[in-house]
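Residue numbers (the working numbering): 26 to 450.
This is the structure in structure tokens:
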């Protein structure tokens with residue numbers, strides 16, 4: 026039986042309750058257009074276009090324009106932080122922060138993160154030392170850090186994965202006892218809190234990303250938040266070639282400036298932040314309600330005591346209980362045009378150049394190795410409707426309740442594909 030519902034987020038999907046309805050069994054995909062994990066949020070299109078038109082009329086596109094200044098002030102007010110410096114993107118923001126703090130030698134980071142966290146170190150010839158994560162939070166495990174500290178260690182970078190803050194108190198304790206600099210990659214975590222403190226106020230500095238896929242975006246962009254006045258002054262010099270006034274270069278620097286069009290998007294996105302959080306939370310609660318009794322599917326919860334942006338709906342797939350491996354379930358969803366993703370596969374330690382530098386790193390990262398095989402991030406965001414989510418959950422339920430048959434169909438498809446490739450060769 027194929028039941029068609031009225032869906033607001035994507036044209037003509039179908040709720041699927043039987044094996045015959047699944048695309049891997051020859052049926053049409055549930056969605057006629059791809060359903061992404063995170064399509065960009067725009068906010069008020071008219072307000073965005075008015076701002077862009079204003080920037081064009083002013084002919085002031087870069088070099089700390091009015092929108093960049095306004096974006097900075099809005100971020101500071103939202104985060105409750107002394108300084109929040111807009112940067113062209115999150116990766117450059119990390120690189121500038123690392124250099125401004127004088128990190129060198131070795132810095133301890135999780136492997137369960139986007140590769141930019143490690144690259145921002147390696148790019149500056151600093152060795153990222155990969156630390157395992159907590160099974161429950163997916164964040165760097167403070168209890169594992171001390172075994173990795175050497176005379177060359179100068180810092181720790183915690184990553185607030187999924188916007189769930191790291192254990193700041195424990196990390197700060199380790200950093201203080203060993204004289205290490207603590208900073209955070211807060212790419213996921215704007216609008217979140219740790220022990221009631223807004224993210225942005227932790228460590229020596231925190232780095233945000235406003236990439237298009239983030240729920241607050243500036244097309245492409247980032248920011249560095251800190252309560253350290255001297256550090257802020259140094260970062261401002263470094264992100265603008267070291268200029269201090271006209272024709273006066275006083276420090277080594279690079280081009281990390283945010284442009285006016287990006288800031289216009291950032292301001293428009295910030296204005297719709299509360300509405301986006303509400304939509305994300307409603308989506309998460311729907312997924313939670315629909316999947317709470319599905320064997321082998323565990324949604325990573327949010328701490329009700331803290332503020333969250335609910336940007337990511339993160340499921341762990343237990344193959345033994347579910348009957349399908351995470352990758353098999355992902356293949357089924359992809360066949361329905363539901364582009365669920367396996368973050369942060371396969372782990373930074375298995376990407377180049379790190380897998381060549383540290384070929385046996387995985388032996389020290391058992392929880393990371395497990396998570397990269399289990400995590401599946403599901404579509405959410407302002408463009409995903411409740412009916413869309415019901416369709417996604419219906420497909421998951423149907424697939425897992427017919428796991429052996431789904432596995433057989435997937436194997437058959439793979440064999441057909443392999444055969445076709447061999448015939449073309």
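Yeah, the Cβ is synthetic: ideal placement off N, Cα and C, and Gly gets one too.
Take residue 216, set aside five residues on each side of it, and the residues of its chain with a beta-carbon closer than 7 Å to its own are 298, 302, 332, 334, in chain order.
Apart from sequence neighbours up to five positions away, the residues of its chain that approach residue 181 with a beta-carbon distance below 8 Å are 132, 133, 134, 165, 170, 196, 199, 200, 205, 206, 207, 208, ordered along the chain. Looking at the DSSP output, residue 231 shares a beta bridge with 209, 250. The C-beta of residue 317 has fewer than 16 other C-beta atoms within 10 Å across all chains shown, which makes the residue exposed. Annotated three-state conformation of residue 138 is coil, per DSSP. Here the alpha carbon of residue 129 sits roughly 30 Å from the alpha carbon of residue 88. Annotation for residue 178: the continuous beta strand (DSSP E) segment containing it runs 178-184. The stretch 411-426 makes contact with the stretch 304-319; the number of CB pairs closer than 8 Å reaches 3 or more.
Beta-bridge analysis with DSSP links residue 156 to 135. Taking residue 347 as reference, the option from 108, 192, 427 with the minimal CA-CA separation is 427.
For residue 323, the enclosing beta strand (DSSP E) has its first and last residue at 322-324. With fewer than 16 other beta carbons inside 10 angstroms of its own, residue 74 counts as exposed. In this structure, the CA atom of residue 308 is about 11 Å from the CA atom of residue 408. Sequence-distant Cβ neighbours of residue 105 in its own chain, meaning closer than 6 Å and more than five residues away, are 223.
Under the three-state reduction of DSSP output, residue 402 falls in the strand class.
In the structure shown, residue 191 adopts coil according to DSSP, grouped into three states. Secondary structure note for residue 111: its beta strand (DSSP E) is the uninterrupted segment 108-112. If you draw a straight line from the Cα of residue 261 to the Cα of residue 242, it comes to about 21 Å. Bridge partners of residue 305 according to DSSP: none are assigned.
By the CB criterion at 9 Å, residue 276 and residue 259 fall inside the cutoff. Put simply, the backbone Cα of residue 388 is about 41 Å away from that of residue 100. Residue burial annotation: residue 248 is buried, with at least 16 other C-beta atoms found within 10 angstroms of its C-beta. The beta carbon of residue 306 sits closer than 6 Å to the beta carbons of 335 from its chain, once the five residues preceding and following it are set aside; these are given in chain order. Residue 372 is positioned such that its CB atom lies closer than 9 Å to that of residue 136. A Cβ-Cβ distance of about 5 Å is found for the pair residue 392 and residue 157, placing them in contact under the 8 Å criterion. Annotated as distal: residue 118 and residue 291, with beta-carbon spacing of 9 Å or more. Taking the Cβ atoms as the reference, residue 77 lies roughly 5 Å from residue 289, within the contact range of under 8 Å. In the DSSP assignment, residue 417 falls within the alpha helix (DSSP H) that extends over 411-426. Approximately 6 Å separates the beta-carbon atoms of residue 406 and residue 64; this is inside 8 Å, confirming the contact.
Three or more pairs of CB atoms, one per stretch, sit closer than 8 Å, so the stretch 395-402 contacts the stretch 336-344.
Contact between residue 111 and residue 246 holds, with the beta-carbon distance rounding to 6 Å and staying under 8 Å. In the three-state reduction of the DSSP assignment, residue 340 falls in the strand class, which pools E and B.
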